[in-house]
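Worksheet: the structure to be examined is printed underneath.
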Amino acid sequence: MAVEQTLTGAGEQTRIHNIGYRNYDGPRLGRAYARRSLFSQSLRGAYGLGRSAKSKVLPMLLFGVMCAPAAIMVAVTVTTKLKDLPLDYTRYAIVMQAVIGLYIASQGPQSVSRDLRFKTVPLYFSRPIERGDYVLAKYGAMASAMFILTAAPLFVLYIGALLAKLDFSDQTEGFLQGLISVALLSLLFAGIGLVISAVTPRRGFGIAAVIAVLTISYGAVSTLQAIAHAQGSDGAVVSWLGLFSPVTLIDGVQTAFLGATSAFPGGEGPSTGAGVVYLLVVLGLIAGCYGILMRRYRKVGL
186 MAVEQTLTGA
196 GEQTRIHNIG
206 YRNYDGPRLG
216 RAYARRSLFS
226 QSLRGAYGLG
236 RSAKSKVLPM
246 LLFGVMCAPA
256 AIMVAVTVTT
266 KLKDLPLDYT
276 RYAIVMQAVI
286 GLYIASQGPQ
296 SVSRDLRFKT
306 VPLYFSRPIE
316 RGDYVLAKYG
326 AMASAMFILT
336 AAPLFVLYIG
346 ALLAKLDFSD
356 QTEGFLQGLI
366 SVALLSLLFA
376 GIGLVISAVT
386 PRRGFGIAAV
396 IAVLTISYGA
406 VSTLQAIAHA
416 QGSDGAVVSW
426 LGLFSPVTLI
436 DGVQTAFLGA
446 TSAFPGGEGP
456 STGAGVVYLL
466 VVLGLIAGCY
476 GILMRRYRKV
486 GL
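If you want it as structure tokens, here you go:
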């Protein structure tokens, strides 16, 4: 409805015009629907779905690179009739950690930096969605995208092992241990990548920063571990150095609790007692990343 007032010689005259506005009487889906929609959109965006063809190239290429070695191992196992897979399920993500790092470096900034750069975050908060919903949806979507990336080759290995008629119980146990390992890795890497990316609206800076943090920390820790091992230091020194890199943290947890073979120099991972510390540090980093994101988005939309 619209009201129009006109002045005449005799005084004021009011006219009411019906211009067709109607009250909305459909379903109001609320916060839960908005949160699910943001999660779905962010997860699809992590693989370029719903975006331009150019945006699909890198994530799909990295996904293919992650799965290709698993397919080759399966082919070799089936052809040569090996008694076991060439690589344990828990070792696969550690060996492929460079590809995983490139993925989170490229897709973490895409998930959050664009919203900061184009100032669209306040538009999200103008809907029935709160800052906690935004952080939960973005974190959940990136962790899910990471899990898809890291779990897919494990499925390839597992199916191939069954086709090769390897022991079902051994393969199932190893497969489940691998899934637990990559689930922790996905949560940790997603948190680190999003925290770094949320600092700057510049996607290029975010990509460089994520690569630097993951690569430098792993390179520095691996070098120090190798030096300590070469000098004949106690195995505990090598073990405790692993606390300072995301990759070695996951390696330590799965060595202590999931029966994995450690990639540490000498092949000696942390003991069960040290593994508890590793697990607490991993969980603390995941919780800390989530808390930092919540604090960041309390101010970013204002």
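Numbering (this note's numbering), first residue to last: 186 to 487. Ideal Cβ placement from N, Cα and C applies to all residues, glycine included.
Candidates the options, of which the one nearest residue i by Cα
i    : options                   : result
Y274 : Q362, I314 and V320       : Q362
F449 : G458, L443, F360 and G437 : G437
V261 : L342, G249, A330 and G230 : L342
G389 : V461, L334 and R299       : R299
L270 : D355, L228 and G317       : D355
R229 : T335, K323 and A383       : K323
A375 : G345, V467, F353 and Q410 : V467
P338 : G325, F248 and Y309       : F248
G378 : F442, A290, K484 and G215 : A290
A415 : G451, G404, Y288 and A368 : G451
A413 : R236, A328 and E453       : E453
G391 : Y288, V280 and L351       : Y288
A326 : K350, A472, G235 and A231 : A231
P386 : V280, T305 and K350       : T305
M258 : A349, S222, V242 and K241 : A349
S222 : Y319, F442, M281 and A405 : Y319
A336 : K241, C474 and M281       : M281
Where residue i falls: helix, strand or coil (DSSP)
i    : result
Y277 : helix
F449 : coil
G325 : helix
Q416 : coil
F360 : helix
G376 : helix
F303 : coil
G460 : helix
I257 : helix
P386 : coil
D489 : In the structure displayed, the chain extends from 186 to 487; residue 489 sits before or after that span and is not available.
V286 : Before going further, note that residue 286 is Gly rather than Val in the sequence given. G286: helix per DSSP, three-state reduction.
G211 : coil
A421 : helix
Y232 : coil
S370 : Note on residue identity: the sequence assigns Leu, not Ser, to residue 370. L370 falls in the helix class under three-state DSSP.
A349 : coil
G444 : coil
G427 : helix
G469 : helix
I314 : coil
beta-carbon residue i near the ligand HEM non-hydrogen atom, thresh 7 Å
i    : result
F303 : With respect to the ligand HEM, the structure shown offers nothing to examine, as it has no ligands at all.
CA-to-CA distance, residue j to residue i, given in whole angstroms
i    : j    : result
V422 : R302 : 44 Å
P431 : L372 : 11 Å
I314 : L347 : 45 Å
P440 : F340 : Sequence check: residue 440 is Thr here, not Pro. Distance between the alpha carbons of T440 and F340: 21 Å.
R213 : F224 : 19 Å
K266 : P254 : 18 Å
Q410 : G427 : 8 Å
A217 : S227 : 15 Å
G476 : V380 : 10 Å
G417 : A278 : 29 Å
G345 : A256 : 8 Å
G215 : V263 : 52 Å
K239 : G420 : 48 Å
F353 : K484 : 52 Å
G211 : A219 : 16 Å
P307 : G444 : 47 Å
L321 : A472 : 12 Å
L478 : A328 : 14 Å
T357 : R236 : 37 Å
V188 : A330 : The predicted model places V188 with a pLDDT of 49, which falls under 50 and marks its position as unreliable; any figure quoted below should be read in that light. If you take the alpha carbons of V188 and A330, they lie about 53 Å apart.
K268 : L351 : 7 Å
G488 : G317 : In the structure displayed, the chain extends from 186 to 487; residue 488 sits before or after that span and is not available.
Cβ-Cβ distance between residue i and residue j below 8 Å
i    : j    : result
F429 : S456 : no
R276 : T446 : yes
A383 : R481 : yes
Y424 : A459 : What sits at residue 424 in the sequence shown is Ser, not Tyr. For S424 and A459, yes; Cβs fall inside 8 Å.
L399 : G286 : yes
V284 : M245 : no
F332 : V367 : yes
I435 : L369 : yes
Minimum Cβ-Cβ distance from residue i to chain C less than 8 Å
i    : result
A255 : Chain labels in this structure do not include chain C; a single protein chain is all it has.
Query raised in the report: Is the number of C-beta pairs between the region 389-400 and the region 294-307 that are closer than 8 Å three or more?
Result: yes
**Report entry** Segment contact flag, the region 347-363 with the region 457-468, C-beta cutoff 8 Å, min 3 pairs
**Finding:** no
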